[in-house]
Amino acid sequence: MESNPVPSCSKTTVEVSKQVASVDEEMKCKVEFHPKVEAYRKLVWRGIHYGRYSEALFWAEQAMFLSNEDQCDVYLCAKCMFLNEDYHRAYHLITSRGLEKINQLCLYIAAKCLFEAKDFSGALDILIRNEEEVSIPSCSLMEPQDRGHELIESDDDDDDDDEEDDEEDNDDDDDEEENVEDEERADAGIGEEEVNGEECEFEDDDPFHSPMVESDILFLKGQIYQELNFLEYSSNSFKQTLMKDIYHAGAFTALTKHQMLTENEESDLLDSLDSFSSNSNSEDVKFVKSLYANILYKYKKPPEIDPDLEESCDILIAKAQRLYYECRYQQCFDIVDQVLKRDIYHPSALLLRIVCLVELNKTNKLFYLAQKLVKTQPEEALSWFAVGCYYYATGKNDPARKYFTKATALDKLFGPAWLAYGHSFAADGEHDQAMAAYFKAHQIMKGCHLPLLYLSLECAFTSNLKLAENYVKQAAKISKNDPFVMHEMGVIAFYNQDYVAAENFFEQTLSRVREINESLISEKWGSLLNNLGHTCRKLKKYDKALEYHHQALLLSPLNASILTCIGFVQALMGDNMTALETLHKSLSLCRDNAFTITMISYVADALVQVSPVSDGEESQDSSYLMEISKPAKELSEDSDMSSKMVISTESVSKNLFGGA
Numbered sequence: 001m002e003s004n005p006v007p008s009c010s011k012t013t014v015e016v017s018k019q020v021a022s023v024d025e026e027m028k029c030k031v032e033f034h035p036k037v038e039a040y041r042k043l044v045w046r047g048i049h050y051g052r053y054s055e056a057l058f059w060a061e062q063a064m065f066l067s068n069e070d071q072c073d074v075y076l077c078a079k080c081m082f083l084n085e086d087y088h089r090a091y092h093l094i095t096s097r098g099l100e101k102i103n104q105l106c107l108y109i110a111a112k113c114l115f116e117a118k119d120f121s122g123a124l125d126i127l128i129r130n131e132e133e134v135s136i137p138s139c140s141l142m143e144p145q146d147r148g149h150e151l152i153e154s155d156d157d158d159d160d161d162d163e164e165d166d167e168e169d170n171d172d173d174d175d176e177e178e179n180v181e182d183e184e185r186a187d188a189g190i191g192e193e194e195v196n197g198e199e200c201e202f203e204d205d206d207p208f209h210s211p212m213v214e215s216d217i218l219f220l221k222g223q224i225y226q227e228l229n230f231l232e233y234s235s236n237s238f239k240q241t242l243m244k245d246i247y248h249a250g251a252f253t254a255l256t257k258h259q260m261l262t263e264n265e266e267s268d269l270l271d272s273l274d275s276f277s278s279n280s281n282s283e284d285v286k287f288v289k290s291l292y293a294n295i296l297y298k299y300k301k302p303p304e305i306d307p308d309l310e311e312s313c314d315i316l317i318a319k320a321q322r323l324y325y326e327c328r329y330q331q332c333f334d335i336v337d338q339v340l341k342r343d344i345y346h347p348s349a350l351l352l353r354i355v356c357l358v359e360l361n362k363t364n365k366l367f368y369l370a371q372k373l374v375k376t377q378p379e380e381a382l383s384w385f386a387v388g389c390y391y392y393a394t395g396k397n398d399p400a401r402k403y404f405t406k407a408t409a410l411d412k413l414f415g416p417a418w419l420a421y422g423h424s425f426a427a428d429g430e431h432d433q434a435m436a437a438y439f440k441a442h443q444i445m446k447g448c449h450l451p452l453l454y455l456s457l458e459c460a461f462t463s464n465l466k467l468a469e470n471y472v473k474q475a476a477k478i479s480k481n482d483p484f485v486m487h488e489m490g491v492i493a494f495y496n497q498d499y500v501a502a503e504n505f506f507e508q509t510l511s512r513v514r515e516i517n518e519s520l521i522s523e524k525w526g527s528l529l530n531n532l533g534h535t536c537r538k539l540k541k542y543d544k545a546l547e548y549h550h551q552a553l554l555l556s557p558l559n560a561s562i563l564t565c566i567g568f569v570q571a572l573m574g575d576n577m578t579a580l581e582t583l584h585k586s587l588s589l590c591r592d593n594a595f596t597i598t599m600i601s602y603v604a605d606a607l608v609q610v611s612p613v614s615d616g617e618e619s620q621d622s623s624y625l626m627e628i629s630k631p632a633k634e635l636s637e638d639s640d641m642s643s644k645m646v647i648s649t650e651s652v653s654k655n656l657f658g659g660a
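Each residue of the sequence shown is one higher than the one before, starting from 1 at the first, in full-length UniProt numbering.
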């Protein structure tokens, strides 16, 4: 871990300080000899600020010529070329002068140029060859974004220093600096309104400069590793970036967007932010940790956030994601609408809106949204993902796969598209192709448990229970508190005929669902309650089984499968008349269910003989009552005929969202 980069009195530091002072003195001489250099530099920053990059490049070239190609002006000129997308030109400007070997800023811009030119191997090579040799930049130019860190340090120093005299001295110094700056602007012929705070100077001993450039270099390395499919190295680089700079939201977003961290790694990262931020105010660190935690936490209550930030887009999106994982799709949809009213093309909000429309079966709205995105953003993977979701939601899996493939071609790291691609195969019963898609999703999203969970479901559907159990255990290691994983572990235990363990898993899942759902349980968890009823029936806890089936019926009143389960338990309890009424209700909702018809004949015979269905009969029929199912189905029952007529409801475990 990097130590606090505070200047020391070592010989090396003294020598570097002398070099810095020498270069700065030389710069001052040049400015005195060429009074327009400083004015042109400010014109460069003005052009960058207003997005007039060609204008900025023009003045950067003039400043570079007048300063006799000072490395600061060479860097500024290369930056303008980069902003004009002249990547190879900017790269040559830096490397032809060897500046990438002596200046971190120049090394960064050279590697960034190769990265944007899609020469990922070349970008990685130049970073590895030079990053250990380059020195701290000694120029007096500073990019506008670096001023933020200078201000943060200034605030921290003010908080730590309680002496009023020192504060007054600092205020006087600031006033003097402002007067000098105003005079320089007047000499250069540039008004204050034109510069707008884009000054290019910073203190020679600024301790933030080197770590900030180093953090950008580490972040760039992470991006390069990501493009080269070295995802583990990429994850490490992004984590190192946060170690250098906890405010580097780009690194944090990269880690969370592509699900690179497991649940434990996310907690460890948050806990370790204190030790990574020796230069930052403790209150700032606490605030950043709270903000990051609100974005990270999916299945547990996040810490309190500043009330003024509760309505920010990022916090609202994080809240919507938690609602989605809790299967509260309508509430999630409502929050996403709030965000889209402010930012109509917010990518995370659009992704959540798409998957919510699928879950809510609002195919018309999904069609218009997909059409709009394809028209306005045809180069974005999200647009074609929306088209694929429309076809998937309407049961047209072949065209859905076509558009999911196009989405993954545009963004090979777009996890939700790979998950949906697998779901489209699973819906058609093509389990091998579905598993291949889920494997690819798992390679991309190492920290996401969903691909492993779906692999478990596919293996279970093909009766490979041992492999299914292995995958679901791996999913549990990544996200042990996920109720979907706990539910599927109960399914595996049931089919291994370990009914006690199955009951424990299902009850733990139910407790977890009630913990994360503040209001009523979502309808999609009805299958969990129904499966608890199945398990209790196997353990001959008929009263408890009947109670769970009735709770499931409250969530889905017109579900024929649940009514059949209730009728079956009532028959086992000897209440044949009530059982017959319940089974007839089920048959009225689903007239071609063979198992319901068979049960009606059993119960009718029992009424004629004035005897209930025996436990022996229940045991004989138990093999028909619960077979493992694909993600779109819950635990289901067959008829006593070998027709494999499945009673199915929606599963709690399948969704299209792997993280945004």
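Every residue, glycine too, gets a C-beta built ideally from N, C-alpha and C.
Residue burial classification, residue i (beta-carbon count within 10 angstroms, cutoff 16)
i           : result
residue 526 : buried
residue 572 : buried
residue 445 : buried
residue 492 : buried
residue 245 : buried
residue 482 : buried
residue 509 : buried
residue 591 : exposed
residue 666 : The structure shown does not extend to residue 666, since the chain is modelled only from 1 through 660, so no value can be given for it.
residue 177 : Low local confidence applies: a pLDDT of 46 at residue 177 is under 50, so the model's placement there is unreliable, with the coordinate-based value given in what follows. Its Cβ having fewer than 16 others within 10 Å, residue 177 is exposed.
residue 112 : buried
residue 528 : buried
residue 75  : buried
Backbone CA spacing between residue i and residue j [nearest angstrom]
i           : j           : result
residue 487 : residue 341 : 37 Å
residue 433 : residue 439 : 10 Å
residue 499 : residue 600 : 27 Å
residue 663 : residue 412 : Examination of residue 663 is not possible in this model, given that the chain is present from 1 through 660 alone.
residue 598 : residue 555 : 26 Å
residue 352 : residue 321 : 7 Å
residue 455 : residue 417 : 16 Å
residue 435 : residue 453 : 11 Å
residue 282 : residue 274 : 8 Å
residue 419 : residue 450 : 8 Å
residue 59  : residue 48  : 11 Å
residue 362 : residue 238 : 38 Å
residue 429 : residue 461 : 9 Å
residue 264 : residue 496 : 29 Å
residue 407 : residue 381 : 4 Å
residue 424 : residue 84  : 42 Å
residue 393 : residue 298 : 25 Å
Beta carbon of residue i nearer than 8 Å to that of residue j
i           : j           : result
residue 222 : residue 251 : yes
residue 665 : residue 536 : Residue numbering for the chain in the displayed model covers 1 to 660; residue 665 lies beyond these limits and cannot be assessed.
residue 389 : residue 358 : yes
residue 114 : residue 131 : no
residue 309 : residue 338 : no
residue 415 : residue 437 : no
residue 82  : residue 102 : no
residue 241 : residue 478 : no
residue 387 : residue 374 : yes
residue 62  : residue 40  : yes
residue 464 : residue 427 : no
residue 360 : residue 333 : yes
residue 567 : residue 548 : no
residue 93  : residue 77  : yes
residue 570 : residue 560 : no
residue 305 : residue 296 : no
Which of helix, strand or coil DSSP assigns to residue i
i           : result
residue 103 : strand
residue 324 : helix
residue 590 : coil
residue 313 : helix
residue 536 : helix
residue 344 : coil
residue 51  : coil
residue 458 : helix
residue 117 : coil
residue 419 : helix
residue 445 : coil
residue 259 : coil
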